[in-house]
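All letters in the sequence shown, in the order written, are residues -22 to -1, 1 to 209 by mature numbering (1 follows the signal peptide of the UniProt record, and there is no 0). Even glycine gets a Cβ: it sits at the ideal position worked out from N, Cα and C. One structure below.
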Amino acid sequence: MKRYASLAAGLLLLVVGSAARAEDAKPFITNKDVDLTMILPPPPANDSAETKAELGEVLTMQVTRTPEMEARAIADAEENVWRFADVMGPNFNKDKLPKFSAFFDRVVETEGAVVDPAKDVWKRPRPHQLSDLVKPVVKLSSSGSWPSGHATVGTMMGIILSDMVPERRAEIMARAAEFAHNRIVGGIHYPSDVEMGKISGSVIAAVLLNRDDFKAEYDVARAELRSDLGM
């Protein structure tokens, strides 16, 4: 019994420690700093010609996407900067870059803190919620569709990462665009959701890059990354 008690205690410490680390990632800003409802237009009405046309685009993608495209969209459902590894090289991994990793955890948390309240205001239904013909290949979500959080955070990560490594700006931003587009490939967003996400990500990144608290952590993360990449 003592042995099992010790094991249980150890597991409890592991869970608590993991939760504490997850909670360490605090957003740099929230919707109180950037209110997207004051920046973006409202989404098209559900019965509008625009939404019907976009549903057509989603359905067209559904019958033309390849297994390879689907696999890429499924992998890109993960919201973290390590999805840029294919353009950053073999040294770009979490184990080698602890400060950089912690910094981008905060970037990801910032997206949710800014975007989620706006989604809750507009409550645009996802494509599969308007049409039973839409069959997403990625995890379903019932949160608002406008704007795309993935497109927002992908754009944010792309802008910030390319600012750290301008030598690879073209490749990084192309990867950010693919990350965003894969929400359409996955069947979980309309094209306009993705476009609004790109605008949102650009606005949030611009605000962050002009904040002293952000720049202090940015400088540390950038130095670690460039050293690891041999730059």
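Residue of the options minimising C-alpha distance to residue i
i, options, result
"Met209", "Val93, Glu145, Lys74 and Val41", "Glu145"
"Phe192", "Phe82, Arg102, Lys176 and Asn160", "Phe82"
"Arg153", "Lys77, Asp54, Gly164 and Met39", "Asp54"
"Asn160", "Leu33, Ile52, Ile7 and Asn24", "Ile52"
"residue 213", "Pro21, Pro5, Glu35 and His167", "The first residue shown for the chain is -22 and the last is 209, placing residue 213 beyond what the model contains."
"Ala96", "Leu14, Pro76, Met135 and Gly132", "Leu14"
"Leu139", "Gly164, Lys101, Lys74 and Leu203", "Leu203"
"Arg50", "Ala158, Arg189, Asp190 and Asp171", "Ala158"
"Ser123", "Ile162, Thr88 and Gly132", "Ile162"
"Pro169", "Ser79, Ser205 and Pro105", "Pro105"
"Glu118", "Leu207, Gly165, Gly127 and Lys4", "Residue 118 is actually Leu in this sequence, not Glu. For the residues Leu207, Gly165, Gly127 and Lys4, the minimum Cα distance to Leu118 belongs to Gly165."
"Glu64", "Asp197, Val198, Ala194 and Glu149", "It is worth fixing the name first, because residue 64 is Asp in this sequence and not Glu. Asp64 has its Cα closest to that of Glu149, out of Asp197, Val198, Ala194 and Glu149."
"Met47", "Met142, Tyr196, Ala3 and Val116", "Val116"
"Ala3", "Val143, Phe78, Lys30 and Ser26", "Phe78"
"Ile7", "Val198, Thr133 and Leu187", "Leu187"
Span separating the alpha-carbon of residue i from that of residue j
i, j, result
"Asp98", "Gly179", "18 angstroms"
"Arg147", "Glu57", "20 angstroms"
"Lys176", "Val85", "15 angstroms"
"Pro114", "Val41", "11 angstroms"
"Leu18", "Pro68", "38 angstroms"
"Met39", "Ala129", "17 angstroms"
"Glu28", "Glu173", "14 angstroms"
"Arg200", "Ala155", "22 angstroms"
"Glu32", "Lys74", "42 angstroms"
"Val59", "Met135", "6 angstroms"
"Glu89", "Thr44", "30 angstroms"
"Phe70", "Ser205", "11 angstroms"
"Ile87", "Gly34", "The amino acid at residue 87 is misidentified as Ile; the sequence shows Glu. When rounded, the distance between both Cα atoms is 33 angstroms."
"Lys121", "Asp94", "Reading the sequence as shown, one finds Ser at residue 121 and not Lys. For Ser121 and Asp94, the distance between alpha carbons rounds to 8 angstroms."
"Gly127", "Arg61", "15 angstroms"
"Arg189", "Asp171", "27 angstroms"
"Met66", "Lys30", "39 angstroms"
"Ala80", "Asn24", "39 angstroms"
Start and end residues, alpha helix (DSSP H) containing residue i
i, result
"Trp100", "Pro76 to Trp100"
"Lys176", "Pro169 to Leu186"
"Lys193", "Asp190 to Asp206"
"Val131", "Gly127 to Met142"
"Val112", "Segment: none, Val112 is in no alpha helix (DSSP H) and carries neither H nor E."
"Glu156", "Arg147 to Val163"
"Val12", "Element bounds for Val12: n/a, residue is neither H nor E."
"Met66", "Ala63 to Met66"
Chain-order list of residues whose beta-carbon lies under 7 angstroms from that of residue i (same chain, five-residue window excluded)
i, result
"Val12", "Val92, Val181, Ile182 and Val185"
"Pro76", "none"
"Met151", "Gly136 and Ser140"
"Val131", "Glu57, Val86, Glu89 and Gly179"
Close Cβ partners of residue i (< 6 angstroms) along its chain, the five nearest in sequence each way excluded
i, result
"Met16", "none"
"Pro21", "Trp100, Arg102 and Trp124"
"Ala(-1)", "Model confidence at Ala(-1) stands at a pLDDT of 45, short of 50, so the residue's coordinates are unreliable and nothing is read from them."
"Asn9", "Val92 and Pro95"
"Glu195", "Phe81"
Any non-hydrogen atom of the ligand COA within 6 angstroms of residue i CB
i, result
"Ala27", "As far as ligands go, the structure on display features none, and thus does not contain the ligand COA."
Cβ neighbours of residue i in the same chain (closer than 8 angstroms, five flanking residues each side left out)
i, result
"Leu37", "Ser109, Leu111 and Val112"
(request) Just list the alpha helix (DSSP H) runs in the segment 21 to 61, keeping only unbroken ones of 4 residues or longer that don't cross its boundaries, in chain order. (result) 27 to 42 and 45 to 53
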